[in-house]
Structure formats: structure tokens, C-alpha cells
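Here is the structure we will look at, set down as C-alpha cells.
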Amino acid sequence: MLLAVPQSIVTGDDGIAIVSWSEVAGLTAESVATVEEPAGILETAGDPIGPLPPTFITAVPKQDEWSWQTLPEGLMWHSYMAGPHEPRISTVLFSEHEGGAFWDATLGGRVGLLRYGTNDVQRPQGWQWDLEGAVITRLDLYNSEDVESNDFRFGTELTKASGRWSLKFGYFHISSHVGDEYMERNPSFKRINYVTESLILGASYQAYDSLRLYGETAFAFKMSGGARPWQFQTGFEYVPQPMSRKWGGPFAAMNLDVREAVGYAPSLTAQAGWQVPGSRSGRRLRWGAQYSNGYSSQFEFFQRREQTIGGGIWFDY
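Residue numbers for the sequence shown follow this note's numbering, beginning at 487 and rising by one.
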């Protein structure tokens with residue numbers, strides 16, 4: 487039996503071998519299996535070392551070495567903090583300036599399927615194929631938490647990270663549905679079949695360790711329900727060095743959404759609060775305040791103007 491330690495390999499009285507670690511690091515399983523006393527042995531006792539299984543020595547890629555990885559840990563492109571239609575897990579309670587209280591709940595996420603790049607988790611470099619999806623639901627708190635509407639999003643993207651730059655190109659589908667309870671309370675409401683099939687191109691720049699700038703363009707090649715081809719998003723995220731890695735620190739984010747369907751009128755979403763990053767995963771838990779002003783992020787009501795203020799909790803991938 488061999489016990490690996492940083493400077494040597496040591497066994498007990500039943501067959502001890504003290505081996506220089508620098509020598510063992512250069513051996514292959516085949517060469518170890520054919521040598522009774524490998525190069526680097528300083529002293530031995532008992533029976534000589536017998537054949538070893540092929541898994542005796544394994545190569546672990548360095549973080550800065552590029553390799554193919556399936557289901558990699560970490561992302562090269564992260565969802566916008568203040569983006570109301572981004573895949574994540576979140577819950578936001580808010581009031582609308584014309585009356586009413588609502589609850590927006592998002593259940594979704596973004597994962598990597600295949601990577602050719604570094605092995606780093608928090609800031610990987612290279613190319614990655616991602617899958618994303620979410621359902622974004624709005625409930626009416628003044629009417630027994632009835633479901634007003636649901637937006638379903640599904641997409642796939644090819645992402646690239648190089649230095650402080652990140653890029654993405656891909657496809658996503660959006661379809662909106664009105665809630666049954668809303669239809670029962672509003673029998674004269676005429677449902678629309680808002681659907682888009684879009685190509686998307688985005689760029690993100692980490693101007694400083696604490697400041698991210700981004701922008702994207704989406705073009706819908708198939709649409710219905712009043713949707714139009716062009717949509718743009720831009721914004722920033724400010725996350726200063728946390729005062730404590732364990733307890734996190736403050737954050738602030740702003741997102742502007744501009745859509746052809748509403749005459750290119752910008753819709754603003756701003757957030758500020760506290761965030762705690764994962765120690766290794768690159769994921770982030772946030773809570774804080776949110777303000778929005780513009781057209782509804784629920785596309786079943788995409789022509790309805792809203793001004794809201796509230797608070798929420800967000801789990802970012």
C-alpha cells in the first residue's frame with residue numbers, strides 16, 4: 487500500500503517505500519508496474535512493490551491549461567443582475583404606482599454543457615456551449631395570489647471569454663401566456679399570443695474587478711402577438727471587493743431594455759443591496775431593493791406602462 491504526501495510516499499512495516507515525490511511525478515503506470523524499486527527510492531523494507539493499477543497516477547490539468555470538458559463548472563457568460571427576463575431563481579415583491587401589489591417569481595438557470603478552455607471555475611477562459619431556461623410568473627397579491635401571466639424562455643448559446651471580455655451568440659425562444667384566474671376576473675380581456683424566436687449577440691467587458699459593462703442585440707426571425715424583430719439591452723453591474731468573503735458586500739446594477747415593439751422606448755430596472763458570492767462556484771446570492779420604470783416585463787401585457795418599487799432575493803448562476 488502506498489500513501490501519498492507532499493514530499494514523499496510512505497508505507498508501513500509491511501512493505502515500506504520512501505520515494506522522492508519529484509521522481510514519482512514523472513512516472514507512468516506502465517513504468518511503475520515493471521520496476522521493483524523505482525528511481526527515487528531512498529530506503530525500502532519488506533516485500534518489493536508489486537504491479538500497480540493504471541489509476542495509480544492521474545494527471546490533473548492546471549487551471550490555465552486548455553482542455554475539453556463536459557458539463558464544466560462555472561460560466562463564461564453570466565445573467566445580468568438587473569435584467570428582468572434573465573434565467574435565474576428569484577422572487578420580487580413590489581407595488582405599482584397606479585395601485586396593486588404583485589409578486590414576480592422566476593424559476594430557471596444557466597448551465598454549461600461543453601467547454602474547450604481553462605479549468606478555472608470563477609473566471610474560465612476559452613469557449614463554452616451553454617443551455618438556459620426559465621419561467622417568469624407574475625402573481626396578484628391583492629387577488630389571492632392569482633396568476634396573472636407567465637413568460638417561458640428557453641435558449642442555447644455559444645460563449646467565449648478572453649481576458650476581461652466575454653461574448654455570446656445564440657438562440658432563444660419566448661412565449662407568453664395569461665393566467666386562467668386573470669381571464670376569469672377579466673372576461674373581456676383579449677389574450678395575445680406573444681411569441682419570438684430570436685438570434686442574440688452580446689458583449690460584456692469587465693472594466694475593473696468591481697465594474698461590468700454589457701450590451702446585447704436580439705433579432706426575432708419569427709414572431710407573433712404584436713412582437714417586432716429588434717430588441718436591445720445594455721447596463722452595468724457594480725460589485726466592490728466584499729468586506730468579508732464569508733459575509734459578502736454591497737452591489738448595485740442597472741439595466742435598460744429597448745424594444746421595437748414599444749417604439750424603442752427604454753425600460754429601466756435598477757437594483758441595490760447586499761450580495762454573498764460562492765467561495766468556489768462563482769454563483770451569487772443577493773437581496774435588496776428594486777425600482778423599475780417603463781413597459782411591462784410580462785410580454786402578455788407588453789404595451790402596459792408600469793412604475794414599480796419593491797424588494798427581492800436573487801440567486802445567480
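Note that beta-carbon positions come from the ideal geometry of N, C-alpha and C, so glycine has one too.
- Boundaries of the alpha helix (DSSP H) harbouring M669: D666 to R671, taken from the DSSP string.
- Taken through DSSP and simplified to helix, strand or coil, F638 comes out as strand.
- The beta carbon of P728 sits closer than 6 Å to the beta carbons of G734 and G735 from its chain, once the five residues preceding and following it are set aside; these are given in chain order.
- Just measuring C-alpha positions, the residue of A713, Y781 and H571 sitting nearest I622 is H571.
- With a cut-off of 8 Å on Cβ pairs, the stretch 601-611 is not in contact with the stretch 623-639, counting fewer than three such pairs.
- In the structure shown, F787 falls within a helical segment according to DSSP collapsed to helix, strand and coil.
- Pairing G712 with L754, the inter-Cα distance amounts to about 21 Å.
- For V748, the three-state secondary structure derived from DSSP is helix.
- Using a 10 angstroms sphere on the CB of M669, the tally of other CB atoms stays under 16, which defines it as exposed.
- Between the stretch 757-777 and the stretch 595-602 there are fewer than three inter-stretch CB-CB distances shorter than 8 Å, so the stretches are not counted as touching.
- The three-state reading of DSSP puts V762 in strand, counting E and B together.
- If you look at N779, you'll find it in the beta strand (DSSP E) that goes R770 to Y781.
- S648 and Q614 have their C-alpha atoms roughly 12 Å apart.
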